[in-house]
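Asker: One line per chain: the protein sequences are P and B, in this order.
Residue numbers for the first sequence follow this note's numbering, so the first one is 37 and each next one is one higher.
Residue numbers for the second sequence follow this note's numbering, so the first one is 37 and each next one is one higher.
Here it is: the structure, laid out below.
Number of protein chains: 2
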Amino acid sequence: MTRLVQRSLSSPLGPLRLVASDLALVGIYFPDHHPTPAHAGEEAARHPVLDVAARELDEYFAGRRRGFTMVLDPRGTAFQRAVWQALADIGFGEQRTYADLARAIGNPRAVRAVGAANGRNPLSIVLPCHRVVGTGGALTGYAGGLAAKQWLLAHEAALAVIRSDGDAPHGDLLRQVST
Amino acid sequence: MTRLVQRSLSSPLGPLRLVASDLALVGIYFPDHHPTPAHAGEEAARHPVLDVAARELDEYFAGRRRGFTMVLDPRGTAFQRAVWQALADIGFGEQRTYADLARAIGNPRAVRAVGAANGRNPLSIVLPCHRVVGTGGALTGYAGGLAAKQWLLAHEAALAVIRSDGDAPHGDLLRQVST
DNA sequence: GGTCGTCTCGCCGTTTTCGGACGCCGCCGC
DNA sequence: GCGGCGGCGTCCGAAAACGGCGAGACGACC
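Here's what the structure looks like:
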């Protein structure tokens, strides 16, 4: 396996850890990511992929970006990659249910397995597993914590519509959830 | 799945249970076959496949037959069928090692898997898994018990060579092994 | 110093076990 | 009735365990 490098990126959700191979981004992890990822590597000052990823994520958090262009290499089983691929089809500000995703990959009864694969998504934010919720609308879970999921959804919702009433309120939501 | 029928056949190795579908023979099992097969069905008085199988097995045990002609339908995974197919290429009185079989199916490192597939051979005797031994010559295992394997090998060895000194001695070998 | 045995460990398909980022259904409170 | 909550059933994939092995590494004997 090719050597991995990493870098920390500060964000509104705390310091994110970006991990890359020579060619592609393989991981984006929250401070206390669950389950704890195995990926690790040495710190890299200059790195083509990490540089792009860091810039685009900064833009995303600043509200100036809705999609990403860096090369991705999400590593997992065939099933997991199928699920993660389906994630990529969910547009900015949209939402899907776990059942939706199961149908999308042609395995409509694999609802729970989809949930598990979602939980193993190594590229949080870029592969938008935060846009997947329960059929009833419940957030149900997130590797970076439900508060982070809520923040991301609010962030996108605020930008997805044409707003006339000032700034997005999602700064507050982070506190709301952590009861 | 098509309905299965069965019949018991007495043999020098005890009563064998023959199982068939409408079209083909799917199982030949020893009295205390290990692992216990799932196949079961109603007793059949007249049945085209079972009739042929019973006759040919009788001839085999009597030393008047070296190959079989009935239609076979060994049910298993793709890998298992590949192994069982390779069994069919081992001639009467010959022997192969598990490593030989692994090479034969083009997967030389799958030695243990070959052993496992061998153990699941549903058509004992007809698909001659008894002709497969360890590299060192050890018998290593048999669904009908090592004594049965030993008996079959001796039975074939005795008939495979042109003998001038009377009858085959394999009746005794059954006792030898069960120490 | 061979050489035979025993032990260990790598291999690989199958089987079993495990656990969950679901979702239905029923109960309870209103 | 209606909505919300909680328990349980179900259904998957993932991971670990399991052999009908075999090659190599040691040790203990001639």
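Don't be surprised by glycine CBs; every beta carbon is placed ideally from N, CA and C.
1. With DSSP run on the structure shown, which of helix, strand or coil describes V168/P?
2. On the DSSP bridge list, what partners appear for A56/B?
3. Locate the alpha helix (DSSP H) running through G173/P, then write down its first and last residues.
4. According to the Cβ coordinates, are L13/B and L123/B closer than 7 Å?
5. Should T215/B go down as buried or exposed, given a rule of 16 or more other Cβ atoms within 10 Å for buried?
6. Please report how far the alpha carbon of D208/P lies from the alpha carbon of A60/P, in whole angstroms.
7. With DSSP as the reference, label L159/B as helix, strand or coil.
8. Which of helix, strand or coil does DSSP assign to R101/P?
9. If I measure Cβ to Cβ from L137/B and keep anything under 7 Å in the same chain, skipping five residues before and after, which residues do I get?
10. So what does T133/P bridge to, in DSSP terms?
11. What number of angstroms, rounded off, separates the C-alpha of H191/P from the C-alpha of V62/P?
12. My guess is that A179/B and F66/B are in contact by the Cβ rule of under 8 Å, so how many angstroms apart are they, rounded?
13. Label R56/B either buried or exposed according to how many other C-beta atoms from any shown protein chain fall within 10 Å of its C-beta, with 16 as the threshold for buried.
14. Can you give the Cα-Cα distance for R39/P and R101/P, rounded to whole angstroms?
15. Considering A194/B, what are the terminal residues of the alpha helix (DSSP H) in which it resides?
16. According to DSSP, is T215/B helix, strand or coil?
17. Determine the DSSP secondary structure at L49/P, reduced to helix, strand or coil.
18. Roughly how many angstroms lie between the CA atoms of V147/P and P110/B, to the nearest whole one?
19. Along the chain, where does the alpha helix (DSSP H) that runs through A118/P open and close?
20. Straight-line CA distance for P73/P to V85/P?
21. Between Q116/P and A153/P, which are expected to be in contact by the criterion C-beta below 8 Å, what is the C-beta distance as a whole number of angstroms?
22. Please name the residue in Q131/B, A98/B, I141/B whose C-alpha comes closest to that of A114/B.
23. Counting only the same chain and skipping the five closest in sequence on each side, list residues whose C-beta sits under 7 Å from that of L175/B.
Answerer: The relevant details are as follows:
1. Translated into the one-based positions of the first sequence, residue 168/P becomes position 132. In the structure shown, V168/P falls within a strand segment according to DSSP collapsed to helix, strand and coil.
2. The residue labelled residue 56/B in the question sits at position 20 within the second sequence. Note: A56/B sits in a beta bridge opposite V41/B, L61/B.
3. Residue 173/P sits at position 137 when you count from the first residue of the first sequence. Note, G173/P: premise wrong, no alpha helix (DSSP H); not H, not E.
4. What is shown of chain B runs 37 to 215, which leaves residue 13/B out entirely.
5. Against the second sequence, residue 215/B aligns to sequence position 179. Caution is warranted here: a pLDDT of 26 is assigned to T215/B, below 50, making its placement in the model unreliable, and the coordinate value is therefore given only provisionally. T215/B comes out exposed.
6. Here residue 208/P is taken as the residue at index 172 of the first sequence, counted from 1. Here residue 60/P is taken as the residue at index 24 of the first sequence, counted from 1. Any reading at D208/P must be qualified, since the residue scores a pLDDT of 44, below 50, and its modelled position is unreliable; no value is offered.
7. Along the second sequence, one-based indexing puts residue 159/B at 123. Residue state, collapsed to three classes: strand.
8. Here residue 101/P refers to the residue found at position 65 when the first sequence is read from its first residue. Coil.
9. Residue mapping note: residue 137/B aligns to position 101 of the second sequence, counting from 1. Residues V119, A122, V150, V168 of the same chain have their beta carbon placed closer than 7 Å to that of L137/B, with the five preceding and five following residues left out of the count.
10. Position 97 of the first sequence, counting from 1, holds the residue named residue 133/P. Partner(s): V169/P.
11. Translated into the one-based positions of the first sequence, residue 191/P becomes position 155. Translated into the one-based positions of the first sequence, residue 62/P becomes position 26. Rounded to whole angstroms, H191/P to V62/P spans 24 Å at the Cα level.
12. Numbered from its first residue, the second sequence carries residue 179/B at position 143. Numbered from its first residue, the second sequence carries residue 66/B at position 30. Rounded, the Cβ-Cβ distance is 6 Å, consistent with contact.
13. As a first step, residue 56/B is located in the second sequence; it is residue number 20 there, counting from the start. A small correction: the amino acid at residue 56/B is Ala; Arg does not occupy that position in the sequence shown. Burial call: buried.
14. As a working mapping, residue 39/P is identified with position 3 in the first sequence. As a working mapping, residue 101/P is identified with position 65 in the first sequence. Cα to Cα, the separation comes out at about 30 Å.
15. On the second sequence, residue 194/B is found 158 positions in, with the first residue counted as 1. Its alpha helix (DSSP H) spans residues 182-196.
16. Mapped onto the second sequence, residue 215/B falls at position 179. Caution is warranted here: a pLDDT of 26 is assigned to T215/B, below 50, making its placement in the model unreliable, and the coordinate value is therefore given only provisionally. Annotated three-state conformation of T215/B is coil, per DSSP.
17. Here residue 49/P is taken as the residue at index 13 of the first sequence, counted from 1. Residue state, collapsed to three classes: coil.
18. Reading the first sequence from its first residue, position 111 is the one you call residue 147/P. Reading the second sequence from its first residue, position 74 is the one you call residue 110/B. Between the C-alpha atoms of V147/P and P110/B there is a straight-line separation of about 35 Å.
19. Counting from one through the first sequence, the residue named residue 118/P turns up at place 82. Looking at the DSSP string, the run of the alpha helix (DSSP H) that includes A118/P is 114-123.
20. Position 37 of the first sequence, counted from the start, is the residue given in the question as residue 73/P. Position 49 of the first sequence, counted from the start, is the residue given in the question as residue 85/P. Their backbone Cα atoms lie some 20 Å apart in a straight line.
21. Within the first sequence, numbered from 1, the residue matching residue 116/P stands at position 80. Within the first sequence, numbered from 1, the residue matching residue 153/P stands at position 117. Indeed, because the Cβ distance is near 5 Å, the residues count as touching under 8 Å.
22. As a position in the second sequence, residue 114/B is number 78, starting the count at 1. It is I141/B.
23. Here the question's residue 175/B lines up with position 139 in the second sequence. So the qualifying residues of the chain are V169, L182, K185, Q186.
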